[in-house]
Amino acid sequence: MNEWNEPIASFAKNIDTCIECGDIDSLTRFSDEIKKIISDESEAPDFVKSVLTYYLANIYQHLGVTETNRWNNSNYGNAIICHRKFYRYSNLAHELLPQVEVNHANTLQTLYRTFEAIPLWKKGVSYYGDAEEVGLYRLAAGLLWISHYLYDEEHIYYYQLYAYNYAKKLLAKDNIYHEGIKDGIKIDSGSEVALFLQHVQNSFDADPDLFAHSYKPDYSKEEVKYRSWCKDNVLFINPLNDLESAWVVDHDVLNFPSYSTPVFEGPYLSASFSSMKNEYCYNRHLFYEGLNRKYVQFTDKDKYLTDTQDGVIYEGYIEKIKSALKGCFSVLDKISRLLDKYYELNSSKIAFNRQWFDQQKKLKDQNNPFLTALFWLSKDFTQHDEDKRRPSYWLDDSAFEVRELRNELEHGWVRVVSPDYEGFSTWKNDHDYAYIITSDELNNKGMHVFKQTRNALIYLCLAINYTEKSTKNDGKSVTLSSKVPLI
1 MNEWNEPIAS FAKNIDTCIE CGDIDSLTRF SDEIKKIISD ESEAPDFVKS
51 VLTYYLANIY QHLGVTETNR WNNSNYGNAI ICHRKFYRYS NLAHELLPQV
101 EVNHANTLQT LYRTFEAIPL WKKGVSYYGD AEEVGLYRLA AGLLWISHYL
151 YDEEHIYYYQ LYAYNYAKKL LAKDNIYHEG IKDGIKIDSG SEVALFLQHV
201 QNSFDADPDL FAHSYKPDYS KEEVKYRSWC KDNVLFINPL NDLESAWVVD
251 HDVLNFPSYS TPVFEGPYLS ASFSSMKNEY CYNRHLFYEG LNRKYVQFTD
301 KDKYLTDTQD GVIYEGYIEK IKSALKGCFS VLDKISRLLD KYYELNSSKI
351 AFNRQWFDQQ KKLKDQNNPF LTALFWLSKD FTQHDEDKRR PSYWLDDSAF
401 EVRELRNELE HGWVRVVSPD YEGFSTWKND HDYAYIITSD ELNNKGMHVF
451 KQTRNALIYL CLAINYTEKS TKNDGKSVTL SSKVPLI
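When the count follows UniProt numbering, it moves up by one through the sequence shown with no breaks and lands on 487 for the last residue.
Spelled out as structure tokens, the structure:
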């Protein structure tokens with residue numbers, strides 16, 4: 001390891017200098033050098049690779065800023081890949097983990113993926129030092145930013161309350177050591193957070209947070225367990241769930257926004273979203289039952305199934321999980337279908353993937369932050385054009401190759417095995433075309449898919465609302481309120 005100390009220090013110093021002076025050519029050269037060292041063929045230790053991957057992410061983040069295009073800015077995409085790659089090293093530089101998580105969140109926010117950034121910022125706040133300060137400031141700024149695009153008054157209020165509380169917590173620190181944060185939080189700095197603090201003064205000081213809300217649930221013991229699991233895993237279609245896991249957030253309250261439609265046209269786009277939300281909620285409960293092995297066990301009797309002797313699991317709870325995931329993937333495709341209808345894209349083949357979004361120039365030209373968020377989120381569910389390298393490869397472990405899993409669930413053969421048998425095989429496998437996955441991996445991938453489907457549904461609503469607020473009515477349409485008849 002000692003022989004790497006000097007090269008690592010040299011990279012750190014030179015990269016910082018180039019970022020400060022805007023030397024793009026040198027940054028590009030350093031990125032090429034680092035990519036060779038961290039490649040799969042390199043024999044450099046994982047610890048060294050993790051440090052250099054962190055440096056490479058910083059380079060890509062800076063290069064991303066030099067481009068105005070966020071729709072398909074490859075530098076931001078590469079920065080996210082580096083962040084995700086960092087997490088996967090078996091012997092990573094743990095002292096850098098807080099900064100990587102916060103930087104990862106910042107990059108996601110740059111791509112308007114606020115609901116994915118929030119949990120990473122919260123992780124930063126749990127540390128001490130730069131990560132805590134950046135996490136607090138970015139949470140305040142991020143919650144304040146997204147509050148401008150929410151369309152429920154209570155949601156707007158709570159997002160601004162929490163933005164205020166995070167900013168006040170930062171200001172309450174005896175010392176702020178991060179120079180950029182110290183300057184940005186000053187009342188006279190002109191930053192959005194500072195202007196917000198000037199505007200509200202101390203008006204939020206006495207306001208209680210969500211945990212102090214008077215709402216108390218009155219559910220059966222089983223429903224309490226289910227709803228508690230939903231809120232603790234941030235699975236309710238409710239923006240307040242991103243702020244806290246208090247009981248008051250235990251409802252899927254987000255509905256389709258108000259939108260313009262021809263006179264006498266029914267609320268069918270709103271109804272389409274309701275159908276998607278209903279499917280998501282049904283599959284969420286199915287997933288919960290599968291995780292907790294709740295199923296009618298006599299359905300396992302007398303089926304005489306082939307034992308591949310690799311720990312294969314045929315039990316009904318596994319089928320519930322697989323069915324729930326297929327339902328989620330279906331909801332994602334229906335998001336693209338609704339976008340196609342609302343924006344009158346008239347696509348021939350509709351799917352929630354990068355290829356479909358890439359073809360939609362009309363969506364890109366909207367300059368709509370939440371369409372950008374959906375485009376980037378779709379990349380996580382898209383196979384790369386080259387078979388040997390998928391964009392999902394460097395996702396966190398729970399999301400590893402989720403698109404491959406989807407294709408096999410729909411069109412192939414997924415064999416779920418016990419974790420104790422991972423990688424085990426009794427026979428030759430020339431005829432074995434199964435996608436093999438352990439039950440633990442299936443559960444982890446499933447949770448990732450549900451979280452991202454939930455985020456996509458929220459981005460969808462915010463995208464439509466953004467367009468509606470930005471579009472002038474031509475006089476031939478009426479605005480259909482979000483307060484449509486509800487069941």
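The beta carbon of each residue, even a glycine, is placed where N, CA and C say it ideally should be.
Would you kindly check if the distance between the Cβ of residue j and the Cβ of residue i is under 9 Å?
i    : j    : result
I59  : K49  : no
T114 : Y76  : no
Y112 : R70  : yes
T87  : V100 : Reading off the sequence, residue 87 comes out as Tyr, not Thr. Yes, the pair counts as a contact, with Cβ atoms nearer than the cut-off.
Q160 : L144 : yes
E279 : V331 : yes
G327 : N283 : yes
L345 : Q360 : yes
Y459 : T438 : no
A167 : V193 : yes
K231 : D209 : no
L291 : I321 : yes
R415 : T382 : no
A373 : A434 : no
N465 : Y151 : yes
L457 : F273 : yes
L240 : E154 : yes
By alpha-carbon positions, which one of the options ends up nearest to residue i?
i    : options                  : result
L139 : I118, Y151 and D152      : I118
R29  : E20, N14, C21 and S42    : N14
R84  : L63, D209 and A57        : A57
A324 : E244, N443, G423 and Y54 : N443
L97  : T110, S126 and Q109      : S126
S348 : R337, Y342 and T382      : R337
S260 : E468, Y89, P45 and E192  : E468
S258 : P7, R406, Y342 and A456  : Y342
N455 : E20, L254 and N429       : L254
A271 : F264, F256 and K186      : F256
E6   : V51, D25, F196 and S26   : V51
V449 : L197, P369 and F329      : F329
D440 : E289, K301 and V417      : V417
Within 10 angstroms of its Cβ, does residue i collect 16 or more other Cβ (buried), or is it exposed?
i    : result
C18  : buried
I335 : buried
Q309 : exposed
A9   : exposed
E33  : exposed
W376 : buried
Q355 : exposed
D380 : buried
D385 : Any reading at D385 must be qualified, since the residue scores a pLDDT of 48, below 50, and its modelled position is unreliable; no value is offered.
K388 : Low confidence applies here, because K388 scores a pLDDT of 42, under 50, leaving its location unreliable; read the following figure in that light. It counts as exposed.
L395 : Confidence is the limiting factor: at L395 the pLDDT is only 44, short of 50, which leaves the residue's position unreliable and the question unanswerable from this model.
W121 : buried
V65  : exposed
K298 : It is Phe, not Lys, that sits at residue 298 in the sequence shown. That one is exposed.
T53  : buried
S392 : Low confidence applies here, because S392 scores a pLDDT of 45, under 50, leaving its location unreliable; read the following figure in that light. With 16 or more Cβ atoms within 10 Å of its Cβ, S392 is classed as buried.
A212 : exposed
Helix, strand or coil for residue i, going by three-state DSSP, please let me know.
i    : result
S275 : helix
S260 : strand
S392 : Low confidence applies here, because S392 scores a pLDDT of 45, under 50, leaving its location unreliable; read the following figure in that light. S392: helix per DSSP, three-state reduction.
V234 : coil
T438 : strand
R415 : strand
V253 : coil
V312 : strand
K361 : helix
S189 : coil
L111 : coil
H178 : coil
I208 : With the sequence shown as reference, residue 208 is identified as Pro, and Ile is not the correct amino acid for it. It is coil, neither helix nor strand.
S31  : helix
G266 : coil
A324 : helix
Q61  : helix
K224 : Residue identity differs from the one stated: residue 224 is Val in this sequence, not Lys. In this structure, V224 counts as helix in the three-state DSSP scheme.
I19  : helix
S398 : Only weak support exists for where S398 lies, its pLDDT of 44 falling under 50; the value from the coordinates is given anyway. The answer is helix: DSSP assigns S398 an H, G or I state.
Taking only heavy atoms of the ligand SAH into account, decide whether any of them is closer than 8 Å to the Cβ of residue i.
i    : result
L144 : Inclusion of the ligand SAH in the displayed structure is not the case, the ligand content being empty and no account of it being possible.
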